[in-house]
Amino acid sequence: MWKKLFFVCYTLLATTQVFANLEDFKVATWNLQGSSAANENKWNVSVRQLITGPGAADILAIQEAGVLPSTAMITERVVQPATIGIPIHEYTWNLGTASRPDTVFIYYSRVDVGANRVNLALVSRRRADEVIIIPPPTVVSRPIIGIRIGNDAFFSAHALANRGIDSPAIVRAVFDYFNNHPTQRGVNWMIVGDFNRVPSNLQRALDTSEPGVARHINIIAPTTPTQQSGGTLDYGIVGNSLSFSGTALIASILFGQIRSQLLSDHRPVGFFVPR
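The sequence shown maps to residues -20 to -1, 1 to 255 in mature numbering (1 follows the signal peptide of the UniProt record, and there is no 0).
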């Protein structure tokens, strides 16, 4: 009897803790450059390729997300804190068929209500336990959107085009969000996106202006350029506002995941533990 009970309890625990650390997720980021080419085609072809098949991302952060595909269905879940005017809506997107559904969740913030270009999105294989909106860290910045799954949180960020001057403020805002919530200080968090400045530059800026934050983070970037200009602008930052002991994650351009023309001047970047 006790053996059976232990087995049932262990099975339930193992089932609910499939994703226990950031390293258990396959994460990716891509600046979709949503104003160019047919936006619907980018979602239905290129984005779909990043979240399906071998090596598919569990979490995909998208910048310049444009307009969502027409097959994405809005749910009743919407998050809009009183101090922030731009909400996040939750959508479901069936990548399969009616008889064999393959559903993902999209968390979408229409930041650019005019041109619908620089909108932000997160695509997740699992429904978020919490949807997070962090206000723009400077008066000219965009908001930072995120989701929490268990003890891990993921954010999609897009720094300003003028050399990413607000990138340190973005990192500080996420650090403060968890540091100011006593029950969530131990949450592991990851900011991925287009920082519009090279990683070494951002690291120096954090070391100089935010040394307390810098001790709690690692920047994870690919060793090859992520934009056609030759710059490495798309990467990730892993941290924990309570204590941080580093990460085994590395970053790489996802050449193999995109089997069609990119239609963007940015390359998708994936984060994973090397085997």
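Ideal placement from N, C-alpha and C gives every residue a C-beta, glycine not left out.
All values derive from a computational prediction rather than experimental measurement.
Excluding the 5 residues preceding and the 5 following residue i in the sequence, name in chain order all residues of the same chain whose CB lies nearer than 6 Å to its CB.
i, result
"PRO254", "ILE230"
"PHE252", "LYS6"
"ARG106", "ILE129"
"ARG80", "none"
Just to check my reading of the structure: residue i and residue j have Cβ atoms closer than 8 Å, yes? What is that Cβ distance to the nearest angstrom?
i, j, result
"ILE171", "VAL151", "7 Å"
"ILE86", "ALA52", "6 Å"
"LEU2", "THR227", "7 Å"
"residue 260", "LEU75", "This structure cannot speak to residue 260, because the chain is shown only from -20 to 255."
"ILE200", "VAL178", "The pair is not a contact, with the Cβ atoms about 14 Å apart (cut-off 8 Å)."
"GLY46", "ASN11", "Between ASN11 and GLY46 the Cβ distance is about 11 Å, and since that is not below 8 Å, they are no contact."
"PRO148", "ALA185", "5 Å"
"GLN132", "ASN168", "It is worth fixing the name first, because residue 132 is Asp in this sequence and not Gln. Rounded, the Cβ-Cβ distance is 5 Å, consistent with contact."
"VAL249", "THR206", "6 Å"
If we count the other Cβ atoms within 10 Å of its Cβ and call it buried at 16 or more, is residue i buried or exposed?
i, result
"GLU56", "exposed"
"ASP82", "exposed"
"VAL7", "buried"
"ASP174", "buried"
"ALA194", "buried"
"PHE155", "buried"
"PHE235", "exposed"
"ASN181", "exposed"
"THR212", "buried"
"SER216", "Contrary to the premise, residue 216 reads as Gly rather than Ser in this sequence. Label assigned to GLY216: buried."
Leaving aside the five residues before and after residue i along the sequence, list all residues of the same chain whose C-beta is less than 7 Å from its C-beta, in chain order.
i, result
"PRO61", "ILE113"
"residue 262", "With the chain represented from -20 up to 255, any question about residue 262 goes unanswered, as that position is not in the structure."
"THR115", "It should be pointed out that residue 115 corresponds to Pro in this sequence rather than to Thr. Contacts found: THR63, ILE64, PRO123."
"VAL59", "PRO67, ILE68, VAL111, ILE113"
"ALA153", "ILE114, PRO117, ILE124"
So for residue i, helix, strand or coil by DSSP?
i, result
"ARG57", "strand"
"PHE5", "coil"
"ASN159", "helix"
"SER223", "coil"
"ILE150", "helix"
"LEU12", "coil"
"SER136", "strand"
"LEU30", "helix"
"VAL25", "helix"
"LEU40", "strand"
"SER232", "strand"
"ILE145", "coil"
"GLY250", "strand"
Using a Cβ-Cβ cut-off of 8 Å (strictly less than) and excluding sequence neighbours within five positions of residue i, which residues of its own chain qualify?
i, result
"ILE54", "HIS69, GLU70, TYR71"
"ALA17", "Any answer about ALA17 is weak, because its pLDDT of 48 lies below 50 and its placement is not dependable; what the coordinates show is given next. Cβ neighbours of ALA17 beyond the five flanking positions: LEU243."
"GLN13", "GLU44, LEU243, SER244, ASP245, HIS246"
Segments of 3+ residues assigned as beta strand (DSSP E) that fall wholly inside the segment 71 to 133
83 to 89, 100 to 104, 110 to 114, 124 to 129
Ignoring anything shorter than 4 residues, give me the alpha helix (DSSP H) runs that lie fully in the segment 165 to 217, in order along the chain.
179 to 189, 191 to 194
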